[in-house]
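Protein chains in written order, with this note's numbering: chain W, 22 to 118; chain B, 1262 to 1401.
Each residue gets a CB set at the ideal place from its N, CA and C atoms; glycine is no exception.
Since this is a predicted model, take the numbers as computed values, not measurements.
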């Protein structure tokens, strides 16, 4: 059963990687990266149970937090072109909400 | 004393998932079958979400396909693994992971949709689909 789940998750990661390569816009690639992160969490959990070593769940937990932060970082970089951008002080024109 | 503490913590931390022999009796068999079905159908929904990510026409509908992986796929897989692990620290960690996914993936999806709209990516409407064939949209 864990073997089935692991193989399905690996296939899903392969499909999502093709979307990341083909994606017409940046946002398709960011979405694909986010989904790959989620699938990596699930793969860590299932392979941990498959090997009888569920301590890998700690790694999966940290990976989930880093996945969110990485997505926001890349989104902010594409939006403002600068990771240190401060919306309140740096946008004299007001900008979009 | 230190050895006793180390042994206690190591057994707590490194508690393996319950082997199949732990599912005894009729209730155990039913729990085993339920966890089997949950994990296999979770794998199915993960695959469905990935196929949707390939086949959906634009980035907003692809987010919809990705949310299938985040909710149904992860939920079924993690609940099946929780049933397999029994009452242990592993179940708590799995619950934390599912809570984290439930909290973070809508936030990331919302931010992604807002950033895509602000960057000028417009959602594909029904008129666009009927006006031009699939080959002209850049992806089949």
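Contact of residue 31 of chain W with chain B by beta-carbon distance below 7 Å is absent, the smallest such distance being about 10 Å.
For residue 1300 of chain B, the enclosing alpha helix (DSSP H) stretches over residues 1286 to 1316. Beta-carbon to beta-carbon, residue 1334 of chain B and residue 1307 of chain B are separated by about 4 Å, close enough to satisfy the 8 Å threshold. With 16 or more other Cβ atoms inside 10 Å of its own Cβ, residue 1339 of chain B counts as buried. At a cut-off of 7 Å between beta carbons, residue 107 of chain W makes no contact with chain B.
Contact annotation for residue 37 of chain W against chain B: 1311, 1314 [CB-CB distance below 7 Å, chain order]. At a beta-carbon threshold of 9 Å, none of the residues of chain B lie near residue 61 of chain W; the nearest stands roughly 12 Å away. In this structure, DSSP gives residue 1383 of chain B a state outside helix and strand, which the three-state scheme calls coil. With its beta carbon at least 7 Å from every one in chain B, residue 41 of chain W lies outside the interface.
Against chain W, a Cβ distance below 9 Å from residue 1348 of chain B picks out nothing, because the smallest value is about 14 Å. According to the DSSP assignment, residue 1336 of chain B belongs to the alpha helix (DSSP H) that extends over 1335 to 1346. In the three-state scheme derived from DSSP, where H, G and I count as helix and E and B as strand, residue 100 of chain W is classed as helix. The three-state secondary structure of residue 107 of chain W, taken from DSSP, is coil. Not one beta carbon of chain B lies nearer than 7 Å to the beta carbon of residue 103 of chain W.
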